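Participant: Here you go, one structure.
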């Protein structure tokens, strides 16, 4: 995974090859879903809540998120999408979009109609299995996010979030760029942006991290893991199910 959120050679192929080796025919079949590249500016909607949506998106570069906005204007960030992810899979059975998908940075994505998945499923049961495996992983991530918000205090939530982002980015080093502001982090963790700022300072004072202008340096990974009770099992994907 490119830590600068740049291009991967094929969004879906990159994602699937992290799970299992693919044949040339399987790669070519997946790449038929990436024939319509579009650019979105930071803040631009990919889909709007409540509107009919017949498309998934494969994220080629940049960052996006899924947002649920309440009637009083409060919002909850449900997911942050990284290059290589497929946006919208969790809404596969819904006619209208249940959440809003929005670009966090300038990004490139490939929209493809949901019906295109039928061709994949019909021609390759193996690829269909991996689609469901990836959906299960995203469901596990959502469950862990609920636990994080509801059962951990602010330092534990933020520590867990930072470890998860490091793991998802595939970073071997303990420093990475995270170009999202404190308001969005707060909407992800269910705390105010002011509380995010105080909590970042608290983690710095503990010697666990340093941060400056969206760049995160983890000084004590074991300390963050211990503080947040982080268990990476929910991020581990395996197609070996019966």
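Numbering (the working numbering), first residue to last: 882 to 1123.
Each residue gets a CB set at the ideal place from its N, CA and C atoms; glycine is no exception.
Here the structure is a predicted model, which is why all the values come from computation and not from measurement.
Give me, in chain order, the residues of the same chain whose beta-carbon lies closer than 7 Å to that of residue 884; leave out the 5 immediate sequence neighbours on both sides.
Facilitator: The pLDDT assigned to residue 884 is 36, lower than 50, so where the model puts this residue is not dependable, and the model offers no usable value.
Participant: Under 8 Å: do the segment 932 to 941 and the segment 993 to 1009 share three or more Cβ pairs, one atom per stretch?
Facilitator: The segment 932 to 941 is in contact with the segment 993 to 1009.
Participant: Residue 1077 and residue 1090 look like a contact to me (Cβ under 8 Å); what is the Cβ gap, rounded to whole Å?
Facilitator: Not quite, the Cβ-Cβ distance comes to about 13 Å (not below 8 Å), so this is no contact.
Participant: In chain order, what are the residue ranges of uninterrupted alpha helix (DSSP H) at least 4 long that sit wholly in the segment 966 to 1041?
Facilitator: Those alpha helix (DSSP H) runs which fall completely within the segment 966 to 1041 and span 4+ residues are 997 to 1004 and 1006 to 1032.
Participant: So what's residue 897 in DSSP terms, helix, strand or just coil?
Facilitator: The answer is helix: DSSP assigns residue 897 an H, G or I state.
Participant: Looking at residue 1031 and residue 988, is the spacing between their C-beta atoms short of 9 Å?
Facilitator: No, the Cβ-Cβ distance between residue 988 and residue 1031 is not below 9 Å.
Participant: At which residues does the beta strand (DSSP E) containing residue 1061 begin and terminate?
Facilitator: Note, residue 1061: premise wrong, no beta strand (DSSP E); not H, not E.
Participant: By a C-beta neighbour count over all protein chains shown, 10 Å radius and 16 as the cutoff for buried, is residue 994 buried or exposed?
Facilitator: Flag for residue 994 reads exposed.
Participant: Mind checking whether residue 1108 and residue 1081 have CB atoms under 9 Å apart?
Facilitator: No, the pair does not count as a contact, with Cβ atoms beyond the cut-off.
Participant: Could you give the residue range of the beta strand (DSSP E) that holds residue 1082?
Facilitator: Taken as a continuous stretch (DSSP letters only), residue 1082 belongs to no beta strand (DSSP E), being part of the alpha helix (DSSP H) at 1074 to 1086.
Participant: Can you tell which of 1041, 1006 and 1086 has the C-alpha that lies nearest to the C-alpha of residue 1142?
Facilitator: Outside the modelled stretch of the chain, which goes from 882 to 1123, sits residue 1142, for which no answer is possible.
Participant: Quick one: what's got a C-beta closer than 6 Å to residue 882's C-beta in the same chain, skipping five residues either side?
Facilitator: Low per-residue confidence applies at residue 882: pLDDT is 36, beneath 50, and the placement is therefore not dependable enough to give any value.
Participant: State the start and end residues of the unbroken beta strand (DSSP E) segment that holds residue 1092.
Facilitator: 1090 to 1093 is the extent of the beta strand (DSSP E) around residue 1092.
Participant: Which partner residues of residue 945 appear in the DSSP bridge assignment?
Facilitator: DSSP output for residue 945 lists 962 and 984 as bridge partner(s).
Participant: Looking at residue 1018: is its Cβ nearer than 9 Å to the Cβ of residue 1110?
Facilitator: Contact: no.
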